[in-house]
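Colleague: To get this note's numbering, take the position in the sequence shown, counting from 1, and add 7.
Here it is: the structure, laid out below.
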Amino acid sequence: MSNTWGAKVLQSFDGAASDYNRAARLQAAMAWRLAWHCQRLPIPSGRWLDLGSGTGLLADAIEQRNPGRVVERIDGSPSMLARNSRPDHTQLWDLNQSLQAWDDAPTLIASSFCLHWLSDPGTRLQHWFECLAPGGWLIVALPVEGCFPQWHTAARQAAVPCSALRFPTSEALMASLPKQQIRHQQQLRFSEQASQITTLLRPMQTIGAGSSTRSALSVKQWRQLSAHWPERSAQGQVRLTWLIQLLVLER
């Protein structure tokens, strides 16, 4: 993915900052799950980071689970950072670039729903791990290949392009990491239901996560896609399933 792609992604999130917290239900749920993991780990005192922090959902959850800790919020969107509850602990940074060199290396790097937007997720993940202080922890969650099986099936059956974002594979992410340092890894499935496909997909647009490297579909193609959507319930509800990779590593 090019720098032009990165700029497009940031522009989309920037424009959605005011609506993000209201619509980002899955992201909020994952923030609390990651915060729960942080609470249970022996993370040393020191510099704690939330990379791709957005409005600060993950940083806020970690701080609430770990009273007295302060999490630095780092993101490429100024409008998202402006929505943080701790504006004095935010930093504007292009996460496609290497992190800055701190005198005190971070003892926690946490990130949720960020890596898949970067140009080379595996390389970025490896770099983040290497930036940790000895004994530090890296905790990440992101959607991976295997997301949205209903969307891909409908596109094949309708013979229309699938405009869903391409997600990194779990295998590629794991290959970039020292396996002996992985303390926990898990794939989580979450499904949402609605009466219409547009209702399922609208929250992604609302929070700024509707960018794709693929061409947009025409109205006719969306109708064809809807007609071939699988797994409709007896009430006519359609489903969309996420596959989320969770990784916990100790340096």
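Glycine included, every Cβ here is placed at the ideal spot set by N, Cα and C.
Here's a check: name, in chain order, each residue in its chain whose Cβ is nearer than 6 Å to the Cβ of M8, leaving out the five neighbours to either side.
Modeller: With a pLDDT of only 41 at M8, under the threshold of 50, the placement of this residue in the model should not be trusted, and no figure is reported.
Colleague: Do you know how far the Cα of P74 is from the Cα of P51?
Modeller: Distance between the alpha carbons of P51 and P74 is about 14 Å.
Colleague: Rounded to whole angstroms, how far is the Cβ of Q133 from the Cβ of S183, which I believe are closer than 8 Å?
Modeller: Indeed, because the Cβ distance is near 4 Å, the residues count as touching under 8 Å.
Colleague: If L256 and I189 are in contact, beta carbons under 8 Å, what's the gap, nearest whole angstrom?
Modeller: The pair is a contact, with the Cβ atoms about 5 Å apart (cut-off 8 Å).
Colleague: Take R258 and list the residues in its own chain whose beta-carbon comes closer than 8 Å to its own, dropping the five residues that flank it on each side.
Modeller: Around R258: F136, L139, A140, P141, G142, G143, W144, L145 and Q188.
Colleague: Are there 16 or more other CB atoms within 10 angstroms of the CB of W43, so buried, or fewer, so exposed?
Modeller: Classification for W43: exposed.
Colleague: Under the three-state reduction of DSSP, which class applies to L139: helix, strand or coil?
Modeller: The answer is coil: DSSP assigns L139 none of H, G, I, E or B.
Colleague: L256 by DSSP, collapsed to three states: which one?
Modeller: It is a strand residue.
Colleague: Rounded to whole angstroms, how far is the Cβ of G53 from the Cβ of D111, which I believe are closer than 8 Å?
Modeller: With a Cβ gap of about 6 Å, G53 and D111 count as contacting.
Colleague: Is any heavy atom of the ligand GDP found at a distance shorter than 7 Å from the C-beta of I69?
Modeller: Within the structure as shown, the ligand GDP is missing, as the structure has no ligands at all.
Colleague: DSSP three-state call for H191: helix, strand or coil?
Modeller: H191 falls in the strand class under three-state DSSP.
Colleague: In terms of residues, what are the limits of the beta strand (DSSP E) holding W55?
Modeller: Here the beta strand (DSSP E) through W55 covers W55 to L58.
Colleague: Buried or exposed for D101, please, with buried defined as at least 16 other CB atoms from any protein chain shown within 10 angstroms of its CB.
Modeller: Its Cβ having fewer than 16 others within 10 Å, D101 is exposed.
Colleague: Put Q205 into one of helix, strand or coil per three-state DSSP.
Modeller: One detail in the question is off: residue 205 reads as Thr in this sequence, not Gln. T205: helix per DSSP, three-state reduction.
Colleague: Can you give me the C-alpha to C-alpha distance between H235 and L172, rounded to a whole angstrom?
Modeller: Each residue's alpha carbon lies about 19 Å from the other.
Colleague: Please classify M8: does DSSP put it in a helix, a strand, or coil?
Modeller: Any answer about M8 is weak, because its pLDDT of 41 lies below 50 and its placement is not dependable; what the coordinates show is given next. Coil.
Colleague: I'd like the span of the beta strand (DSSP E) that includes R230, first residue to last.
Modeller: That residue, R230, is in no beta strand (DSSP E); its alpha helix (DSSP H) goes V226 to A234.
Colleague: In chain order, what residues of the same chain lie with their CB nearer than 6 Å to the CB of G153, ignoring the 5 residues before and after it?
Modeller: So the qualifying residues of the chain are L250.
Colleague: Among the residues of its own chain, which have a CB less than 7 Å from the CB of W109, if the five just before and after it don't count?
Modeller: Here the set comprises R54.
Colleague: State the DSSP-derived secondary structure class of T97, mapped to helix, strand or coil.
Modeller: DSSP places T97 in strand when its eight states are reduced to three.
Colleague: Could you pull the DSSP bridge partners for L149 from this structure?
Modeller: DSSP, once it has assigned bridges, lists Q252 as partnering L149.
Colleague: If you compare alpha carbons, which of W229, R230 and L247 is closest to P237?
Modeller: P237 has its Cα closest to that of L247, out of W229, R230 and L247.
Colleague: Give me the Cβ distance between S84 and F155, rounded to the nearest whole Å; I'm assuming they're in contact under 8 Å.
Modeller: Rounded, the Cβ-Cβ distance is 24 Å, inconsistent with contact.
Colleague: Can you tell me whether DSSP reads S240 as helix, strand or coil?
Modeller: Coil.
Colleague: Excluding five sequence neighbours on each side, which residues of the same chain lie with their C-beta closer than 8 Å to the C-beta of S240?
Modeller: For S240, where only same-chain residues beyond five positions count, the Cβ hits under 8 Å are Q200 and R246.
Colleague: For L254 versus V147, is the C-beta spacing smaller than 8 Å?
Modeller: Result yes, Cβ atoms of L254 and V147 sit closer than 8 Å.
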